[in-house]
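Numbering (my numbering), first residue to last: 128 to 460. Even for Gly, the Cβ is constructed at its ideal location relative to N, Cα and C. Owing to the predicted nature of the structure, the values given are computational and were not obtained by experimental measurement. Comments concern the structure below.
Shown next, in the form of structure tokens:
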């Protein structure tokens with residue numbers, strides 16, 4: 128009898144996990160593609176923007192970087208609000224806000240306008256990525272989280288694989304007296320507003336509110352996550368301020384800082400570097416710029432799968448960092 132109950136519970140668990148993955152992951156994946164494109168498309172816009180507005184590399188570099196000052200200031204408060212308030216409400220607010228700012232980027236005339244809008248874009252988008260990471264803890268068990276995060280992070284290479292040639296095509300539009308780079312910002316900013324509105328109706332904050340799960344599935348995932356939460360607090364309950372004094376948190380923060388610095392430096396400047404080295408057309412440059420991300424897509428999925436299978440995180444992260452760091456150093460040769 129007990130064996131039958133265990134089998135039934137396993138069956139319910141498998142159904143719940145599968146349904147949650149199918150319902151949540153594709154949608155969040157699309158949201159991150161939109162977010163990432165709006166964050167980095169300035170690198171493709173720069174192929175025309177520099178000449179039209181007489182911007183130097185220093186202006187573009189400062190404008191690209193000031194995004195993260197706005198992002199930094201509101202990132203932690205945003206992720207806390209996702210935990211304590213409504214995930215779908217906050218994510219929707221973030222998307223609509225950054226969509227409006229992203230579209231306004233298409234009407235920039237001066238470097239000061241460029242700086243202000245990049246700062247506001249960072250402030251508007253802050254909380255999206257950490258908020259999604261918090262949202263994962265509301266729906267995925269520890270055992271499934273690395274796979275979910277890997278699938279989510281695969282949106283970065285997909286955004287570049289799709290977004291690079293898309294940006295190249297948009298640079299060729301010159302309707303209503305607007306240059307291609309202006310259309311790039313306008314067209315790529317609009318989906319954030321549309322999907323922000325959809326998010327309010329599509330996402331569900333917590334499993335017990337999910338009408339799209341059967342009652343036994345809701346109970347199973349809620350019980351699983353409650354047990355996980357209680358086990359963590361039994362080991363060592365943390366308050367927010369304690370995190371700032373925790374050695375592991377500080378080390379992980381520094382690690383992430385160096386990862387982000389190298390990733391965004393590469394992403395923002397790759398189109399310009401390819402253009403200078405090849406002298407190719409803007410469309411060709413965007414296709415060439417997409418190639419590294421094809422490799423990245425395969426690597427992200429394989430590493431996430433391996434990390435979940437082996438339940439090992441440290442070496443999977445460290446080896447990836449060493450390989451990417453070596454690649455950047457070799458590019459100087």
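#1: Is there contact between the region 288-295 and the region 404-423, where contact requires at least three CB pairs shorter than 8 Å?
#2: Taking 8 Å as the threshold, find out whether the region 196-216 comes into contact with the region 326-336 through three or more Cβ pairs.
#3: Between which residues of its own chain and residue 189 is the CB-CB distance below 8 Å, once the five residues before and five after are set aside?
#4: Taking a contact to mean a Cβ-Cβ separation below 8 Å, would you say residue 230 touches residue 316 in this structure?
#5: Nearest CA to the CA of residue 416: which residue from 160, 236 and 289?
#6: If we count the other Cβ atoms within 10 Å of its Cβ and call it buried at 16 or more, is residue 128 buried or exposed?
#7: What is the DSSP secondary structure of residue 140, counted as helix, strand or coil?
#8: Would you say residue 281 and residue 428 are within 8 Å of each other, going by their C-beta atoms?
#9: So for residue 301, helix, strand or coil by DSSP?
#10: Classify residue 465 as helix, strand or coil using the three-state DSSP reduction.
#11: For the alpha helix (DSSP H) that residue 175 lies in, which residues bound it at each end?
#12: Nearest to residue 247 by CA position, among 435, 238, 225 and 453, is which residue?
#13: Helix, strand or coil for residue 213, going by three-state DSSP, please let me know.
If we stick to the structure as given:
#1: The region 288-295 vs the region 404-423: in contact.
#2: Flag = yes, the region 196-216 and the region 326-336 touch.
#3: Within the chain shown, numbered from 1, the residue matching residue 189 stands at position 62. Taking residue 189 as the centre and dropping the five residues before and after it, the same chain places the C-beta of 242 closer than 8 Å to its C-beta, in chain order.
#4: Against the chain shown, residue 230 aligns to sequence position 103. Against the chain shown, residue 316 aligns to sequence position 189. Taking 8 Å as the Cβ cut-off, residue 230 and residue 316 qualify as a contacting pair.
#5: As a position in the chain shown, residue 416 is number 289, starting the count at 1. Closest option to residue 416, judged by alpha-carbon separation, among 160, 236 and 289: 289.
#6: Within the chain shown, the letter at position 1 stands for residue 128. In this prediction, residue 128 scores a pLDDT of 48, lower than 50, which makes its location untrustworthy; the coordinate-derived value is nonetheless stated afterwards. In summary, residue 128 is exposed, with fewer than 16 beta-carbon neighbours lying within 10 Å of its beta-carbon over all protein chains present.
#7: As a first step, residue 140 is located in the chain shown; it is residue number 13 there, counting from the start. In the three-state DSSP reduction, residue 140 falls in the helix class (H, G or I).
#8: Taking the first residue of the chain shown as position 1, residue 281 is located at position 154. Taking the first residue of the chain shown as position 1, residue 428 is located at position 301. Less than 8 Å separates the beta-carbon of residue 281 from that of residue 428.
#9: Looking up residue 301 in the chain shown gives position 174. Correct three-state label for residue 301: coil.
#10: Lying before the first or after the last residue shown, residue 465 is absent from the chain, which here runs from 128 to 460.
#11: One-based indexing of the chain shown puts residue 175 at position 48. For residue 175, the uninterrupted alpha helix (DSSP H) segment begins and ends at 169-180.
#12: As a first step, residue 247 is located in the chain shown; it is residue number 120 there, counting from the start. Looking from the CA of residue 247, the closest CA among 435, 238, 225 and 453 belongs to 225.
#13: Here the question's residue 213 lines up with position 86 in the chain shown. The three-state secondary structure of residue 213, taken from DSSP, is coil.
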